[in-house]
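Asker: Numbering (the working numbering), first residue to last: 397 to 569. Backbone N, C-alpha and C fix where the C-beta goes; we use that ideal spot for every residue, glycine too. Treat the numbers as computed from the prediction; the structure is a model and nothing was measured.
1) State yes or no: is the C-beta of residue 492 nearer than 7 Å to some heavy atom of the ligand SAH?
2) So what's residue 529 in DSSP terms, helix, strand or just coil?
3) Looking at residue 488: is its Cβ nearer than 8 Å to the Cβ of residue 479?
4) I need the DSSP call for residue 550, collapsed to helix, strand or coil.
5) Straight-line CA distance for residue 430 to residue 555?
6) When the Cα of residue 485 is compared with those of 497, 467, 514, which residue comes out closest?
7) Alpha carbon to alpha carbon, how far is residue 551 from residue 455? Give it in angstroms, no decimals.
8) State the Cα-Cα distance for the pair residue 452 and residue 463, rounded to the nearest angstrom.
9) For the candidate residues 500, 460, 492, whose alpha-carbon lies nearest to that of residue 481?
10) From this set, 532, 512, 526, 530, which residue's C-alpha is nearest residue 548's C-alpha?
11) Decide if residue 537 is buried, meaning its Cβ has at least 16 other Cβ atoms within 10 Å, or exposed.
12) In terms of alpha-carbon separation, which member of 559, 545, 557 lies closest to residue 568?
13) What do you get for residue 483, buried or exposed, if any count of 16 or more other CB atoms within 10 angstroms of its CB means buried?
14) Nearest CA to the CA of residue 523: which residue from 506, 510, 541?
15) Which two residues bound the contiguous alpha helix (DSSP H) that contains residue 500?
What follows is the structure, given as structure tokens:
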């Protein structure tokens, strides 16, 4: 089974949706990052700076107590544990081509394709910004984000498609 080193865990936190292949070589305890193990639908990480943000992202992802345990111990976790604690989204068995995680990420992307790009963009914004504030403020952010979709052509297309019982043809407008 593959493993995530402490630095890889931190890099994973900056990712959107993570797919981890099951049969990768063990990570080195010194924290060498094997980026080929980490694939996301939204391109690996936001930026290289994110690697040093683990003390803030990890507790928000897996909870304070477990975050402290992993940070203080610098323990390496395998894919199964990483999934069970909510650090990654998917663990897949490696295939002969060596691209199982990549294929899973592409499958996820295909699930997202039919969705409205405007709605996905504002949902992502609402989730990301809402997680940084209290619930009441987060709900206000959500409302403001939803309001951005009201005047869009995509919203009208979605309503028409539903009424006409056909798949919508979104254009991101």
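Answerer: Reading off the structure:
1) The ligand SAH is not among the ligands present in this structure, which contains no ligands whatsoever.
2) Counting from 1 along the chain shown, the entry for residue 529 is found at position 133. Coil.
3) Position 92 of the chain shown, counted from the first residue, corresponds to residue 488. Position 83 of the chain shown, counted from the first residue, corresponds to residue 479. The answer is no: Cβ separation not under 8 Å.
4) If you number the chain shown from 1, residue 550 lands on position 154. Correct three-state label for residue 550: helix.
5) For the purposes of this step, residue 430 is taken as residue 34 along the chain shown, with counting starting at 1. For the purposes of this step, residue 555 is taken as residue 159 along the chain shown, with counting starting at 1. Its pLDDT being 31, under 50, residue 430 is placed unreliably in this model, and the coordinates cannot settle the point.
6) Your numbering for residue 485 matches position 89 in the chain shown. Comparing Cα positions, the closest option is 497.
7) Against the chain shown, residue 455 aligns to sequence position 59. Against the chain shown, residue 551 aligns to sequence position 155. C-alpha separation (whole angstroms): 36 Å.
8) Residue mapping note: residue 452 aligns to position 56 of the chain shown, counting from 1. Residue mapping note: residue 463 aligns to position 67 of the chain shown, counting from 1. For the pair residue 452 and residue 463, the Cα-to-Cα distance works out to about 9 Å.
9) Working through the chain shown from its first residue, we reach residue 481 at position 85. Among 500, 460, 492, the Cα nearest to that of residue 481 belongs to 460.
10) Locating residue 548 in the chain shown gives position 152, counting from the first residue. Closest by alpha carbon: 512.
11) Here the question's residue 537 lines up with position 141 in the chain shown. Residue 537 counts as buried, since at least 16 other C-beta atoms from the protein chains shown sit within 10 angstroms of its C-beta.
12) As a position in the chain shown, residue 568 is number 172, starting the count at 1. For the residues 559, 545, 557, the minimum Cα distance to residue 568 belongs to 545.
13) Residue 483 sits at position 87 when you count from the first residue of the chain shown. Counting of Cβ neighbours within 10 angstroms places residue 483 among the buried residues, the total reaching 16 or more.
14) Start at 1 with the first residue of the chain shown, and residue 523 comes out as number 127. A check of alpha carbon separations from residue 523 across 506, 510, 541 identifies 541 as the nearest.
15) The count along the chain shown starts at 1 and reaches residue 500 at position 104. Note, residue 500: alpha helix (DSSP H), 496–508.
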